[in-house]
Amino acid sequence: MSASNTADIAVVGAGIIGVACALQLARQGRRVVVLDPQEPGMGASYGNAGHLATEQVFPIADVSILKRLPAMLMDPMGPLRLDWKYLPRALPWFVRLLLNLRPARYRRTVAGIRALNEASLGAWQRLLHSIGQPQLLREDGSLLVYERAESHGAIEALRERMQQQNVAVQFWSGDAVRQAAPQLSNDIRGALFFPGTGHFLDPFHVVGELVKAAKAQGVQFLKQRVMDGRIEGDGVSLMTDQGIVTAHQALIACGAHSARLTAALTGKKVPLDTERGYHLMLPHERDRLPFAVTSFERKFIMTPMAGGLRLAGTVEFAGLDRPANMQRAWQLHRLSRGLFRQDLSTQDATPWMGFRPSLPDSLPIIDRVCDGKVLLAFGHQHLGLTQAAITAQMVAQLLVTDTAQPPLPELAPYRLERF
Numbered sequence: 001m002s003a004s005n006t007a008d009i010a011v012v013g014a015g016i017i018g019v020a021c022a023l024q025l026a027r028q029g030r031r032v033v034v035l036d037p038q039e040p041g042m043g044a045s046y047g048n049a050g051h052l053a054t055e056q057v058f059p060i061a062d063v064s065i066l067k068r069l070p071a072m073l074m075d076p077m078g079p080l081r082l083d084w085k086y087l088p089r090a091l092p093w094f095v096r097l098l099l100n101l102r103p104a105r106y107r108r109t110v111a112g113i114r115a116l117n118e119a120s121l122g123a124w125q126r127l128l129h130s131i132g133q134p135q136l137l138r139e140d141g142s143l144l145v146y147e148r149a150e151s152h153g154a155i156e157a158l159r160e161r162m163q164q165q166n167v168a169v170q171f172w173s174g175d176a177v178r179q180a181a182p183q184l185s186n187d188i189r190g191a192l193f194f195p196g197t198g199h200f201l202d203p204f205h206v207v208g209e210l211v212k213a214a215k216a217q218g219v220q221f222l223k224q225r226v227m228d229g230r231i232e233g234d235g236v237s238l239m240t241d242q243g244i245v246t247a248h249q250a251l252i253a254c255g256a257h258s259a260r261l262t263a264a265l266t267g268k269k270v271p272l273d274t275e276r277g278y279h280l281m282l283p284h285e286r287d288r289l290p291f292a293v294t295s296f297e298r299k300f301i302m303t304p305m306a307g308g309l310r311l312a313g314t315v316e317f318a319g320l321d322r323p324a325n326m327q328r329a330w331q332l333h334r335l336s337r338g339l340f341r342q343d344l345s346t347q348d349a350t351p352w353m354g355f356r357p358s359l360p361d362s363l364p365i366i367d368r369v370c371d372g373k374v375l376l377a378f379g380h381q382h383l384g385l386t387q388a389a390i391t392a393q394m395v396a397q398l399l400v401t402d403t404a405q406p407p408l409p410e411l412a413p414y415r416l417e418r419f
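Numbering-wise, the sequence shown is residues 1 to 419 according to the UniProt record's numbering.
Following this line, the structure appears as structure tokens:
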């Protein structure tokens, strides 16, 4: 194998985070090469819910997960699913998850998520304006609707918890919901409205526009699979399926596939698992909703996009190797029945599944290790799209202290050394 493509920084992963980081690093004058076996954006970035979820400052799991574990194992269509065949491999991860639900650790998790989310909207505004594409993000807010009278107390409690975390939130009556979104059902009793959120019209197109901007800055994109890596005296060597790529530094940003290369380069085994996420794209339902709407009881989200209405939001723990269960994607349409005055059309609908990288404390790893030769940016769970732009700014700050930048979150909660 021959060495090739010597660069300042080799970015492993061409998803939304890797591409955003590559652009920021190239703007610092660095020679950047991006490595991925797929075309940019074809992993989890292709099919995410498209929701700029700045309101989601709490992890997906809470102490009730112990009571829900039997249902997670037995119900293949449930909103939070654990494949029983994967249980032996997942059990150590879930034990660590439960340990992180203890009060002090839980508070640290919420503070860490909140710090990234509070900075995410501004970071995205700056990034999209810098590439001349601000229209790709709609800042229209989003709704969390509820249908049952007995849910009102839980909705009020959630509103209070979010206000305590400085999340902008308003209570809307059922009539106010239908005035904003007339096609929603009369059964909806009310909602929480989050004015500081938004949605992307086409997440895959966002990646494409960032790639164009990165290429204009000299970033090179190579369709190669990184198999292994090692630290050298003057940098990093990455063994790919087409040869060896050398660079002064490597940035690991390949999402749910990041653990193996991290171990090879740093010697650290990170407890990374994957939230397998499904979506169902309905191309004939572009005009049903003005903004993203989540159902409190049904636990899924509907996001209007340029290509139709995307139904998404369930979580499945079954690892990277098991085949997708596309019935979970079609289940999203069944969940939508009754939320609208008229049921959604599934004509020409397409299902999808992708891997979202998840760590047991629900925080990403953003760090610089191995004497600065290895950078890390992965583990953003279902908030990768939301936190991509601010993560790119933080990675760039790891290399250059720029006092002209807006204040960025402290890096301490996201360091590799916490594992």
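Even glycine gets a Cβ: it sits at the ideal position worked out from N, Cα and C.
Between the C-alpha atoms of residue i and residue j, what's the straight-line distance to the nearest angstrom?
i: residue 340; j: residue 184; result: 4 Å
i: residue 72; j: residue 298; result: 15 Å
i: residue 55; j: residue 232; result: 42 Å
i: residue 42; j: residue 209; result: 14 Å
i: residue 160; j: residue 240; result: 50 Å
i: residue 51; j: residue 266; result: 33 Å
i: residue 33; j: residue 321; result: 28 Å
i: residue 165; j: residue 156; result: 14 Å
i: residue 280; j: residue 132; result: 30 Å
i: residue 1; j: residue 244; result: Confidence at residue 1 is low in this model, with a pLDDT of 39, below 50, so the placement of that residue should be treated as unreliable; the coordinate-derived value is given next. Spanning the two alpha carbons is a distance of roughly 6 Å.
i: residue 284; j: residue 307; result: 8 Å
i: residue 147; j: residue 68; result: 22 Å
i: residue 389; j: residue 224; result: 24 Å
i: residue 469; j: residue 412; result: There is no way to answer for residue 469, as the model of the chain reaches only from 1 to 419.
i: residue 87; j: residue 70; result: 12 Å
i: residue 181; j: residue 199; result: 16 Å
i: residue 141; j: residue 196; result: 6 Å
i: residue 269; j: residue 259; result: 7 Å
Nearest by alpha-carbon distance to residue i: which of the options is it?
i: residue 356; options: 370, 323, 317 and 374; result: 317
i: residue 21; options: 269, 207, 315 and 330; result: 207
i: residue 323; options: 349, 225, 277 and 368; result: 277
i: residue 97; options: 59, 129 and 124; result: 59
i: residue 332; options: 309, 406 and 26; result: 309
i: residue 250; options: 359, 261 and 57; result: 261
i: residue 178; options: 290, 408 and 199; result: 290
i: residue 143; options: 292, 381, 392 and 348; result: 292
i: residue 419; options: 410, 360 and 389; result: 360
i: residue 203; options: 136, 222 and 256; result: 136
i: residue 149; options: 311, 110 and 189; result: 189
i: residue 237; options: 65, 374, 95 and 85; result: 374
i: residue 406; options: 415, 271 and 394; result: 394
i: residue 385; options: 8, 116, 78 and 85; result: 116
i: residue 79; options: 319, 214, 328 and 120; result: 328
i: residue 64; options: 101, 295 and 270; result: 101
i: residue 400; options: 26, 325 and 14; result: 26
DSSP state of residue i, grouped into three classes?
i: residue 144; result: strand
i: residue 167; result: coil
i: residue 256; result: helix
i: residue 286; result: coil
i: residue 55; result: coil
i: residue 336; result: helix
i: residue 369; result: strand
i: residue 425; result: Within the shown structure, residues of the chain are numbered from 1 to 419, placing residue 425 beyond reach of any answer.
i: residue 377; result: strand
i: residue 262; result: helix
i: residue 80; result: strand
i: residue 1; result: In this prediction, residue 1 scores a pLDDT of 39, lower than 50, which makes its location untrustworthy; no coordinate-derived value is stated.
i: residue 280; result: strand
i: residue 414; result: helix
i: residue 136; result: helix
Hey, would you say the C-beta of residue i is under 7 Å away from at least one heavy atom of the ligand MN?
i: residue 358; result: Ligands displayed in this structure: none; no statement on the ligand MN is therefore possible.
Just reading off the alpha helix (DSSP H) that residue i is part of, what are its end residues?
i: residue 121; result: 103 to 130
i: residue 391; result: 384 to 399
i: residue 419; result: Here residue 419 belongs to no alpha helix (DSSP H), and DSSP marks it neither H nor E.
i: residue 352; result: From DSSP, residue 352 is part of no alpha helix (DSSP H) but of the beta strand (DSSP E) over 350 to 358.
i: residue 45; result: 44 to 47
Which residues does DSSP list as the beta-bridge partners of residue i?
i: residue 10; result: 33 and 250
i: residue 60; result: For residue 60, which the question treats as bridged, DSSP gives no partner whatsoever.
i: residue 220; result: 33
i: residue 181; result: DSSP, once it has assigned bridges, lists no residue as partnering residue 181.
i: residue 316; result: 81 and 276
i: residue 326; result: DSSP output for residue 326 lists no bridge partner at all.
i: residue 200; result: 137
Which first and last residues belong to the beta strand (DSSP E) in which residue i is found?
i: residue 194; result: 190 to 194
i: residue 295; result: 292 to 295
i: residue 304; result: 300 to 305
i: residue 75; result: Premise fails: residue 75 is in no beta strand (DSSP E) and is neither H nor E.
i: residue 312; result: 308 to 312
i: residue 270; result: Element bounds for residue 270: n/a, residue is neither H nor E.
i: residue 229; result: 226 to 232
i: residue 18; result: It is not in any beta strand (DSSP E) - residue 18 instead sits in the alpha helix (DSSP H) that spans 16 to 27.
Taking 8 Å as the threshold (beta carbon to beta carbon), is residue i in contact with chain D?
i: residue 383; result: The structure shown contains no chain D; it holds only a single protein chain.
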